[in-house]
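Down below is the structure, laid out as structure tokens.
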Amino acid sequence: MRAVTTAQPLDVQPTPLALLLLGRDADPSSERGVECPGDLPAPSDPDLVARARAAKDKLGDRVFVLGHHYQRDEVIQFADVTGDSFKLARDAAARPAAEYIVFCGVHFMAESADILTSDEQKVVLPDLAAGCSMADMASAEQVAECWDVLAEAGIAEQVVPVSYMNSSADIKAFTGRHGGTICTSSNARRALQWAFGQVDGGDGKVLFLPDQHLGRNTAVRDLGMSLDDCVVYNPHKPGGGVTADELRAAKMILWRGHCSVHGRFSLDSVEEVRARIPGVQVLVHPECKHEVVAAADHVGSTEHIIKMLEAAPAGSKWAIGTELNLVRRLANRFADQGKEIVFLDRTVCFCSTMNRIDLPHLVWALESLADGTVVNRIQVDAETEHYAKLALERMLALP
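Each number in my numbering corresponds to the 1-based position in the sequence shown with 3 added.
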């Protein structure tokens, strides 16, 4: 019989692939648009601009291209309109004659466009990998389980869901089924006021999905609530990581979700830029953390940020806390007016998922449509569309 020997540790180092699978490493070269900081890669084909123009010209009025503010410049130049997610969805609905809606944004935006446009119109997302990490933080199954937890706590009848536009069609449909509404970063205050008014006796509560920061900032900054009025429901913990008593005491039940870009701005970012640029005004998006919003001079949606910079006097200095593509575009736009516009934090990335819509994908989508082939069509099923549209219509009816 062979003698048993003690096993010796093998001198084996994990491969790069193994580290990636274990979540212990990253490969920036495999993710488009995450240089931090740095320039986005140039289009691989120098003829892409000409090809995009030719395909768009061939399609004519049959195609309507939407470009979100966070898109890179090489894509935004082909957009018929630019804006935030809800503005673009409404713009799409206002073009019923357009056979094809090409949405240069992310998946939930294309879903919203499909919900608000006619069945005859076809919504195309140039790269199906263009998702949204925030929207992905709330699945239909998780939210249904949360509602069960609220029911067990005896408060489900007091709760009105309010879901941010940056959510999946499934979450919008859940919101519609349970008497709630959708909101944007610009009308979140009105949406919360409406929601609290839906329950008699002043005992109403809001389940805010999926961005905890927008919900908290709106409740505390705009409605005068305290941080103690808010609890965070964590879908990865039993019962959401909160007790029934905590849920019953809360006014705002915040889903534990966040934007991977805006969530990285810190109080240190604000203090550093004030020290570096005397007289700078800090303007941030309400998806930022509460302490960042509290320390900022101004807070507002992407549309609000643009309008504020348009109205700013020449020679003013601004540090902007939102996605870098938009900040760069605004800095270039107002440079000749003597407005100094900088990114709030020099280490925050581009939105990696938004930047998946690059020029090669846009050219492929446009050329395919010009050749009669519909690619990457986004379609929301009829039942989901019905309830999601109900929630969206409640938002449109807000005073």
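For every residue, glycine included, the Cβ atom is placed at its ideal position computed from N, Cα and C.
Inter-residue spacing [alpha-carbon to alpha-carbon] between residue i and residue j
i	j	result
methionine 255	tryptophan 150	14 Å
cysteine 354	arginine 331	13 Å
proline 281	alanine 334	18 Å
proline 402	valine 245	34 Å
leucine 119	alanine 394	12 Å
glutamine 161	arginine 180	15 Å
arginine 54	glutamate 388	35 Å
glutamine 340	alanine 317	5 Å
valine 146	alanine 154	12 Å
aspartate 225	arginine 219	10 Å
lysine 3	threonine 178	Any answer about residue 3 is impossible in this case: the structure gives the chain only from 4 up to 402.
histidine 301	serine 115	29 Å
isoleucine 174	alanine 113	15 Å
glycine 375	aspartate 117	20 Å
valine 276	tyrosine 103	44 Å
serine 142	valine 264	20 Å
leucine 327	asparagine 358	11 Å
glutamate 396	alanine 172	14 Å
glycine 207	serine 229	16 Å
glutamate 38	cysteine 135	Per-residue confidence for glutamate 38 stands at a pLDDT of 35, beneath the threshold of 50, marking its modelled position as unreliable; the derived number appears in the next sentence. Rounded to the nearest angstrom, the two C-alpha atoms are 18 Å apart.
C-beta atoms of residue i and residue j nearer than 9 Å
i	j	result
phenylalanine 211	glycine 205	no
histidine 71	isoleucine 309	no
valine 283	valine 345	yes
cysteine 107	leucine 365	yes
proline 213	alanine 138	yes
serine 68	valine 105	Note on residue identity: the sequence assigns valine, not serine, to residue 68. Yes; because the gap between Cβ atoms is below 9 Å, this pair is in contact.
proline 238	arginine 259	yes
glycine 86	glutamate 306	yes
alanine 194	methionine 398	yes
phenylalanine 81	arginine 98	no
valine 126	arginine 336	no
alanine 101	aspartate 64	yes
valine 273	leucine 217	no
serine 304	serine 188	yes
phenylalanine 111	serine 170	yes
valine 295	serine 319	no
arginine 267	threonine 221	no
Best match in the options for proximity to residue i [C-alpha to C-alpha]
i	options	result
alanine 298	Val126, Glu123, Gly324, Gly341	Gly324
valine 66	Glu275, Ala191, Ala368	Ala368
alanine 400	Glu114, Ile185, Asp339	Ile185
glutamate 77	Asp225, Gly207, Pro49	Pro49
methionine 311	Asn358, Val152, Val287	Val287
alanine 133	Thr356, Glu386, Gly260, Glu275	Thr356
leucine 131	Ile360, Val383, Asp214	Ile360
arginine 251	Ala159, Arg279, Asp94	Ala159
leucine 257	Val273, Cys233, Arg279	Cys233
alanine 156	Val276, Val383, Asp248, Ala147	Asp248
glycine 183	Leu217, Ser304, Gln201	Gln201
arginine 93	Ile79, Ser136, Leu62, Met168	Met168
lysine 342	Arg267, Val295, Trp321, Leu51	Trp321
alanine 58	Leu372, Val235, Val377, Asp203	Leu372
leucine 128	Ala385, Tyr390, Glu396, Leu362	Leu362
histidine 261	Met140, Tyr390, Ala385	Met140
glycine 243	Gly266, Val152, Leu270	Val152
Residue i (DSSP reduced to helix, strand or coil)
i	result
leucine 372	helix
valine 52	helix
leucine 128	coil
threonine 187	coil
leucine 69	strand
proline 12	Here proline 12 scores only 41 on pLDDT, less than 50, and its place in the model is too uncertain to base an answer on.
glycine 86	strand
arginine 397	helix
leucine 43	For leucine 43, the predicted structure reports a pLDDT of 47, less than 50, and the residue's modelled location is therefore unreliable. A value from the coordinates is still provided. It is coil, neither helix nor strand.
valine 378	coil
phenylalanine 81	coil
Any non-hydrogen atom of the ligand NAD within 8 Å of residue i CB
i	result
aspartate 117	No copy of the ligand NAD occurs in the structure displayed, which carries no ligand at all.
is_contact[residue i, chain C] using C-beta, thresh 9 Å
i	result
alanine 368	Looking for chain C here will not work: only one protein chain is present.
Contiguous beta strand (DSSP E) assignments of at least 3 residues, all confined to the region 250-320: Taking only runs of at least 3 residues, the beta strand (DSSP E) segments lying wholly in the region 250-320 are 255-258, 284-287.
Beta strand (DSSP E) runs contained entirely in the region 149-235, provided each spans 3 or more residues: As far as the region 149-235 is concerned, its whole beta strand (DSSP E) runs of at least 3 residues are 162-167, 184-186, 208-212.
Length at least 4, wholly inside the region 322-354: the alpha helix (DSSP H) runs in chain order: Those alpha helix (DSSP H) runs which fall completely within the region 322-354 and span 4+ residues are 327-337.
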